[in-house]
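> Below is one structure. I have some questions about it.
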Amino acid sequence: MVALVEPQSLGLDALEETARHDLLRLNYPPANWVPERTGPNGKRVLDVLVVGAGMCGQTVGYGLLREGIRNIRVIERNGNGHEGPWNTTARMPILRSPKHLTGPDLGVPSLTFRAWYEAQHGRDGWEKLYKIDRLDWLRYLLWVRRVVDLQVENDVGLQKVEPAGDLLKVTLSTGETIHVRKLVMANGRDGAGGFRWPSFPSFDPADPKRAGRVFHTLEEIDFGKLVGKRIGVLGVLATAIDNTCTALEAGAREAICFARRSHLPQVNKAKGVSFPGFQRGQGMLDDDWRWKIYTYMLAAGSPPPHESVLRAQKLQGFSFRFGEPWLDLTTDTDGVTVKTTKGTERFDVVLMGTGFDVDLARVAELAAFAPDTKLWSDVRTPEEARANAEAARYPYVGRGFELIEKEPGRAPLLANIHLFNWGSILSHGALAGDIPGLFVGSTRVVQAISHDLFTADVARHVQNMVEQEDPELAPTNYFVAREKRSGTL
C-alpha cells in the first residue's frame, strides 16, 4: 500500500471548476423524487445502499444522484485511498485497458481521465502516455468522487442482510442496523464468492500453519519479507505473474510459475466483445447465446498482458513450468513442499495465483438468500451444468442485475438485491468490473432501480400529480380559482 498524495496543479484546479460548472449545466444533482418511507424501527428507510466504493460502486452512487435518487448511502470496508484493488492487491504498474476508455465520468467530458491527465501534463503529455499508471487511476477516481460530491463511508462493511417484510434489514460492521429498499453489491471481483483456493489432499487454507508460508495473490502480502526466498507460484495468468514480479523486484531469490497448460493463452478474447453493441446487447440475448458466449470465454482463458510477461522476462530468477500441475502441498515451520506431476519441489513461500470464485453459497452476507437464488445451473440441462461446473454456479440475474428467485413467490425480496460485481458476467457480460463496460453497466443498474422505485410508489406519484396546485395562469387575466374550475383542470 502507498500513502496517496492528491495531485495539485493550477490546471487541475481550473478543470475542477469547469467540471462543477458542467454538472451545474446538467442540473446535477436534481431534487430527490422518491417518497419517504418509515421503517419498522421508526426511522426513515434508506432507498439504496451501495456496498463498495471502488470503481463500480462509486459510479453507481454518482449515477443514482444524477437520477434524483438522493436518499442513498455508499459504504466501503477499506479506508480512504484503499478502495478497490488499485492500492491493495493490484500489483501491476499500469492498467491493462487502453488509456482512452471512459466510464466513471458518465458522459461528462470534463470528468474523463483524459481531462484529468491533460490538466496536469498538457496535451503533449497525453500523447506521450502509453497506458494509465495504476495509482494514477485511483487518484483520478477519488478526484471524480470529490467533484461530484459523492459521500462515502469508509471503514464500514456489510455484515448481514435479512428479509424484513418488503424491506431488507441490513447489519453493518459498525453494529448499526438499517432498513433499505434496494441493495447494490458493488464489492469487487471477489464479491460473489471470495478467493479460489485449489483443492489438495494435505492443504487447508483455513489452517493457521499456512500463515507466512502460503498466500493467495488477492491477499495483502508484505513482499519485504520475501527477500532471498525461493517462491513457488501456482498460476501463469496476469495476477500470478504480477505478484511474481513484485516478489522478485523486492529481492526474492527465485520464483517459478507453474501451470497445467502447455503454454500461455495467446489471444485476449475480451477485446472481441469490447464494443457498444456487445455491451448493450449481450444481456438481452436468449439463454443459449449467453451460455455459449461465456462458457467459451471462460474455457479460452485470458492471456497475461504482454507488458507483464516482458516485465517478468527481464527479472533474474524468474521461470515458467508449463505442463506441470500440482498434486499436493504441505507446510511446516521451515517452508512448503509441493508435489507435482514431475516430482517434488521445496519452497520457502508459495503464492496461489488462482483468482476468485463465483459461488453465492460462500457469500456470508447473503447466506439467508443463497438457497433461493436462481443459478445458471437451474436454466441449463444437467449435462451442460456438469460439463461447465464453474459457469453453472454463476447467479442468473435479471435485466437490472437483480437476483431472481429459483422458485417464484418463495423469495421476492431477491429482486431488491442487485449484483453489480463479477457474479453477473454470465448474464450481462463484463459490465461490472471492467472499465470498457462500466458506463453501460452502471447506467443499466441505475435505470432499473429508478424504474423499480417509481413503480412501487406509482399510486403516491399519481396522487401527488392530482393534488398538485401550481396554477400556470395565475399572473394572467384568465386565472380561475380551483374551486371554480370545471373537470380536472
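All residue numbers for the sequence shown refer to my numbering, where the first residue is 1419 and numbers rise by one. All residues carry an ideal CB built from backbone N, CA and C; glycine is no exception.
1. Find the nearest neighbour of D1752 within the set F1738, E1802, G1630, judged by alpha-carbon distance.
2. In the segment 1446 to 1507, which residue ranges form an unbroken beta strand (DSSP E) of at least 3 residues, counting only runs that do not cross its ends?
3. Assuming T1762 contacts P1743 under a Cβ cut-off of 8 Å, what Cβ separation, rounded to an integer in Å, is found between them?
4. Confirm, please, whether the CB-CB distance from G1611 to F1736 is below 8 Å.
5. Does the segment 1438 to 1456 come close enough to the segment 1536 to 1550 to have 3 or more Cβ pairs within less than 8 Å?
6. Since I believe I1493 is in contact with G1575 (beta carbons under 8 Å), could you give me their beta-carbon distance rounded to a whole number of angstroms?
7. Since F1897 is in the alpha helix (DSSP H), which residue starts that stretch and which ends it?
8. With contact counted as at least three CB pairs below 8 Å, one residue from each stretch, are the segment 1839 to 1859 and the segment 1708 to 1723 in contact?
9. Please tell me whether K1647 and A1624 are closer than 8 Å, where the distance is taken between their beta carbons.
10. Which class does V1864 belong to by DSSP, given the choice of helix, strand or coil?
11. Compare the Cα-Cα distances from V1685 to each of C1675, G1699, H1724 and report the closest residue.
12. Consult DSSP for N1375 and reduce its assignment to one of helix, strand or coil.
13. Helix, strand or coil: how does DSSP classify T1755 here?
14. Which residue wins for smallest C-alpha separation from F1676, given the options H1836, V1756, V1602, F1613?
15. How would you write the range of the alpha helix (DSSP H) that K1710 sits in, first residue to last?
16. Provide the residue span of the beta strand (DSSP E) that contains S1845, from first to last.
17. Rounding to the nearest angstrom, what Cα-Cα distance links L1666 and L1556 in this structure?
18. Is the segment 1867 to 1881 touching the segment 1647 to 1656, taking contact as three or more C-beta pairs under 8 Å?
19. Would you please state the rounded distance, in angstroms, between the beta carbons of D1704 and R1599? I believe it to be under 8 Å.
20. To the nearest angstrom, how far is it from the Cα of L1519 to the Cα of P1511?
21. Could you check where the alpha helix (DSSP H) with I1674 kicks off and where it finishes?
22. Looking only at its own chain, which residues have a Cβ that is under 6 Å from the Cβ of T1657, when we skip the five neighbours before and after it?
23. Given a cut-off of 8 Å, decide if G1701 and G1609 are closer than it, judged by their beta-carbon atoms.
24. Whose CA, out of T1749, R1780, Y1535, lies closest to the CA of K1627?
25. State whether the segment 1776 to 1785 contacts the segment 1559 to 1573, with contact taken as three or more CB pairs (one from each stretch) at a distance under 8 Å.
26. Could you give the residue range of the beta strand (DSSP E) that holds W1744?
27. With distance defined between alpha-carbon atoms, name the residue in Y1812, E1825, P1826, A1829 nearest to F1838.
28. Between G1690 and I1711, what straight-line distance do the alpha-carbon atoms span, to the nearest angstrom?
29. Is DSSP giving H1518 helix, strand or coil here?
30. Can you list, in chain order, the residues of its chain with a C-beta nearer than 7 Å to that of A1582? Leave out the 5 residues immediately preceding and following it.
31. In terms of residues, what are the limits of the beta strand (DSSP E) holding Q1577?
32. Output yes or no for whether 8 Å exceeds the beta carbon distance between R1828 and D1790.
33. Using 10 angstroms around the beta-carbon of R1563, count the other beta-carbons present and answer buried if the total reaches 16, otherwise exposed.
34. Quick check: the Cα distance between T1894 and Q1881, rounded to an integer number of angstroms?
35. Apart from the five residues on each side of it in sequence, which residues of its chain come closer than 7 Å, Cβ to Cβ, to V1565?
36. For a test of the three-state rule: what should DSSP assign to S1726, helix, strand or coil?
Here's the rundown:
1. G1630
2. Listed in chain order, the complete beta strand (DSSP E) runs (minimum 3 residues) inside the segment 1446 to 1507 are 1464 to 1469, 1490 to 1494.
3. Wrong, their Cβ atoms sit about 14 Å apart, outside the cutoff.
4. no
5. no
6. 7 Å
7. First-last for F1897: undefined, no H or E at that position.
8. Verdict: yes, contact present.
9. no
10. helix
11. H1724
12. No answer is possible for residue 1375: the residues shown for the chain start at 1419 and end at 1907.
13. strand
14. V1756
15. 1705 to 1718
16. No beta strand (DSSP E) contains S1845, which is instead part of the alpha helix (DSSP H) from 1843 to 1846.
17. 25 Å
18. Too few Cβ pairs lie closer than 8 Å, so no.
19. Going by Cβ atoms, the distance from D1704 to R1599 rounds to 31 Å, so no, they are not a contact pair.
20. 18 Å
21. Segment 1672 to 1676 is the beta strand (DSSP E) holding I1674; no alpha helix (DSSP H) there.
22. T1635, G1771
23. no
24. T1749
25. Taking one beta carbon from each stretch, the segment 1776 to 1785 and the segment 1559 to 1573 have fewer than 3 pairs nearer than 8 Å; the two do not touch.
26. 1744 to 1749
27. Among Y1812, E1825, P1826, A1829, the Cα nearest to that of F1838 is on Y1812.
28. 11 Å
29. coil
30. These residues qualify, in order along the chain: P1458, H1597.
31. 1576 to 1582
32. Contact: yes.
33. buried
34. Between the alpha carbons of T1894 and Q1881 lies a gap of roughly 27 Å.
35. E1434, A1437, R1438, L1529
36. helix
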